[in-house]
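Reviewing the structure listed below.
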Amino acid sequence: MNWINNVVPPKIRSFLTTRREVPDNLWKTCPLTGQMVFHKDLEANQFVFPGSEYHERMGAQQRLTHLFDDGAFEKVMMPAAAVDPLKFRDGKRYTDRLKEAKSKTDLEDAILVGSGKLDGREVVAAVQDFRFMAGSLGMAAGEAIIAGMLHAVAKKSPFILFAASGGARMQEGILSLMQMPRTTIAVQRLRDARLPYIVVLTDPTTGGVTASYAMLGDIHIAEPNALICFAGPRVIQQTIREQLPEGFQRSEYLMEHGMIDMVVHRHKLRETLSRVCRLLMNGVKNTKGKTSPDLEKNMNGSAYATQDDISDSDITLKPKTNNTSDTETIDIIEAEPVEGTRRFKGNKNDRSGKQPAPKGNRKTSSNKNQKSPEK
Amino acid sequence: MDRAETVRTYLNFEKPIAELEHKISELKLLIDDNTEDSLNSEIDKLEEKVNKTLNETYTSLTPWQKTLVARHPQRPHAMDYINSFIEDYSPLAGDRLYANDDAIVGGLGTFEGQSVMIIGHEKGSDTEGRIKHNFGMAMPEGYRKAVRLMEMAEKFSLPIITLVDTAGAYPGIDAEERGQAEAIARSTDCCLNLRVPIVTVIIGEGGSGGAVAIATANKIMMLEHAIYSVISPEGAASIIWRDAEKKEEAATAMKITAQDLMKMGIIDTIIPEPIGGAHRDKDHVIRATKEAISQALDELKDKKPDELRKLRHDRFLEMGRTL
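These protein sequence lines map, in sequence, to chains A and B. Position one of the first sequence corresponds to residue 1 (the numbering used here), numbered consecutively onward. Position one of the second sequence corresponds to residue 1 (the numbering used here), numbered consecutively onward.
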């Protein structure tokens, strides 16, 4: 073959020679059984290896395509966040690492948020992509989660999170740590609006992500055999220098220890999500019909969140609807969550004067007691 | 405490100071009734030199050196603060679910005449204490106790003071088994939801999620040489640099000092420490901390319950947006 290499220009050469990397790219090997599966077949099977049922990690884009009806969704724009505020560099510049990750994944950061329909019902879903710097939580990802959740609040739709993360993005130092409380605030907005927040824990979900919004869902679903933990197995092993138990920190282990509600095969995920969203959204018809202002005023100061928290976005984003069912409430809103988050603030200030001072302020604690009786 | 004073622990970079002070104590042994003036003046000179060196060293500490100071075994810990400025301290224990975790201490008490709830990480100050308090590394029970106390505080309209000093939440099998992540998440959630004032002082190490869990407050203050970080410099060095020896570099790159965090708007106040660090003059730093807490509570005392929650939310949402 050498003479070909010498004569034929490189581009054409590839047509003439069979290269080893071709099968590498096109065929995926199951890490459990070593079985080779054609990549298109694997994708069609939602990246689950037939036979072993090994759940391969899934990219954000594909995740959303599989979730929404006909694979159609609108991307919720990510708000701009400061880039590399610490001017961080280890061997390499952090900005270079970011660039690399962006070109590798075609994502802006580790999170992709989409808005669309799930069995006809509007939902907002966020996916963390592990390929993007290990799905780490930095400022951009934090803003994306917040924007996504507020978008769901604005649309009064359930919020679904597909969690996957190595934890906080260390290159952003304390600012990444601060995403833990920041995202938790957005979770509280969902809670205040009494919208379902469903977390799907996928392999792997660890560190600061598990220790904040990913463990605060109404319902926790895990994919089989996903690593879900606070401290990773290696850290623990270094600390205690003992053998870790079989299946430690895997989905089934967490299920046994009461941290998640169910372990669901990826093929059943969509219908499960659709079902729990439906069940949660169809509760208490009489309160549902009256959505917001009036009702919430009555609830103010009681075991529920303050009106202040709930009705923000109603007023700004959908002045029209008051009385419609969920599905026809809104056509897809143009994705501009950046404004949503700002609006959210400014707006609060505008109206704060109008808020009747809630009377029994302390009563809120009973709320929390009700919500987490198992804790 | 007296015993601790006599056997002072010196950090590596304090060697010149250690030598000088050693010399002084030797000279002092020579003093008797017929001591010459020259000896006394020699001691004075040396003491002056110690002060000067301390001053120079401590005004130009590197982030890694600050990490060491923040972890100094003789640095005052939560109980030192509680014992000196909380009256009628009534410790409360247990999460009502599984166990009591002494890594997080807390209870009711009076701060300047006002009933408060105080919660803090306690590292312990001798071997026995350190084991009892698990070196300030809390289990899920610790965070669940914190939630219990915070909710109680809210129920009875008590302001909350938290003192943060932990290397991080404990990484262990049992901690994971009982939901360390969930416990931390719930505790942060609880801090954010409170409708009473919550004021935090990071008195030593603010280690990652284990710190955030009780440090999500209306006012966040830090001692001058305390650190607050997403991961320990050693951890970052071994993960990012893949070389644990790069901890000094990591400490600098991650911006973990009170001064850096102040610039980034993460904290509100820096509480000055005495020359040579908090461990050289505990009373001094405790007094300064008390004053800072008093001022912070004062600023919050007229806020309405919902306003307190909103202010806290706004403060955190704003974080990093203006960088």
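For each residue, glycine too, the CB sits at the ideal point set by N, CA and C.
Cβ-based contacts, 9 Å cut-off: residues of the segment 172–184 of chain B near chain A: So the close ones are 172, 173, 175, 176, 177, 178, 179, 180, 181, 182, 183 and 184.
For residue 202/A, the nearest candidate out of 47/A, 101/A and 43/A (CA to CA): The residue with the shortest Cα to Cα distance from residue 202/A is 47/A.
Cβ neighbour criterion (16 or more within 10 Å) applied to residue 29/B: Burial call: exposed.
Proximity of residue 208/B and residue 168/B at Cβ, strictly below 8 Å: In contact: residue 208/B and residue 168/B (Cβ atoms closer than 8 Å).
Sequence-distant residues of its chain with Cβ nearer than 8 Å to residue 3/B (five each side left out): Interpretation of residue 3/B is limited by its pLDDT of 45, a score under 50 that renders its predicted location unreliable; the figure taken from the coordinates is listed afterwards. Once the five neighbours on either side are set aside, residue 3/B has no close Cβ partner at all.
Residue ranges of each alpha helix (DSSP H) within the segment 28–61 of chain A, 4 or longer: Inside the segment 28–61 of chain A, DSSP marks whole alpha helix (DSSP H) runs of 4 or more residues at positions 39–44, from first to last along the chain.
Chain A residues whose Cβ lies nearer than 8 Å to that of residue 316/B: Result: 178, 181, 182 and 185.
Where residue 179/A sits in the DSSP three-state scheme: Helix, per DSSP.
Short Cβ contact (8 Å threshold) for residue 108/A with residue 140/A: Contact: yes.
Opposing strand residues paired with residue 264/B [DSSP bridges]: Beta-bridge pairing links residue 264/B to no other residue.
Test item: CB-CB of residue 199/A and residue 226/A under 8 Å: Residue 199/A is not a Cβ neighbour of residue 226/A, given a cutoff of 8 Å.
Start-to-end residues for the alpha helix (DSSP H) that takes in residue 251/A: For residue 251/A, the uninterrupted alpha helix (DSSP H) run begins and ends at 251–256, by DSSP.
Neighbour flag for residue 114/A against chain B, beta carbons, 8 Å: Residue 114/A does not count as touching chain B.
Euclidean distance between Cα positions of residue 312/B and residue 145/A: One C-alpha to the other measures close to 19 Å.
Collapsed DSSP secondary structure at residue 216/B in the structure displayed: Coil, per DSSP.
Residue 56/A versus residue 49/A: straight-line alpha-carbon distance, rounded: Near 7 Å, if we compare the C-alpha coordinates of residue 49/A and residue 56/A.
Every unbroken beta strand (DSSP E) within the segment 157–239 of chain A, with a cutoff of 3 residues, ordered by chain: Entirely contained in the segment 157–239 of chain A, the beta strand (DSSP E) runs reaching 3 residues are, in chain order, 159–165, 197–205 and 219–222.
Contact the segment 90–99 of chain B vs the segment 57–72 of chain B: 3+ CB pairs below 8 Å: Contact between the segment 90–99 of chain B and the segment 57–72 of chain B is absent, because fewer than three Cβ pairs lie under 8 Å.
Status (buried if at least 16 other CB within 10 Å, exposed otherwise) for residue 317/A: Confidence in residue 317/A is poor, its pLDDT being 40 and thus under 50, which makes the residue's placement unreliable; the coordinate value appears in the next sentence. Counting the other Cβ atoms within 10 Å of the Cβ of residue 317/A gives 16 or more, which makes it buried.
Burial state of residue 7/B (16 or more Cβ within 10 Å): Counting Cβ neighbours within 10 Å, residue 7/B comes out exposed, since fewer than 16 surround it.
Identified DSSP bridge partners for residue 137/A: Answer is 168/A, bridged to residue 137/A.
Simplified DSSP assignment, three categories, for residue 121/B: In the structure shown, residue 121/B sits in a strand (DSSP, three-state: E or B).
Sub-8 Å separation of residue 188/B and residue 181/A beta-carbons: It is a contact, given that the beta carbons lie within the stated cut-off.
Where the segment 149–180 of chain A meets chain B: residues whose CB sits under 7 Å from a CB there: Flagged, chain order: 168, 170, 173, 174, 175, 176, 177, 178 and 180.
Under 8 Å (Cβ pairs) to chain B, residues found in the segment 71–105 of chain A: The segment 71–105 of chain A vs chain B, Cβ under 8 Å: 81, 82, 85, 86, 88, 89, 90 and 91.
Chain B within 8 Å of residue 353/A, Cβ atoms only: For residue 353/A, the predicted model reports a pLDDT of 41, less than 50, meaning its position is unreliable; a value from the coordinates is still stated below. For residue 353/A, the closest Cβ of chain B is not nearer than 8 Å.
Residue 181/B in three-state terms, based on DSSP: In the three-state reduction of the DSSP assignment, residue 181/B falls in the helix class.
CB contact below 8 Å: residue 193/B versus chain A: With 8 Å as the cut-off, residue 193/B counts as an interface residue toward chain A.
Residues bridged to residue 91/B [DSSP beta-bridge criterion]: Residue pairing by DSSP puts residue 91/B in a beta bridge opposite 107/B.
Element boundaries [beta strand (DSSP E), containing residue 392/A]: Chain A is shown from 1 up to 375; residue 392/A falls before or after that span and cannot be answered.
Which of helix, strand or coil DSSP assigns to residue 69/A: Three-state result, residue 69/A: helix.
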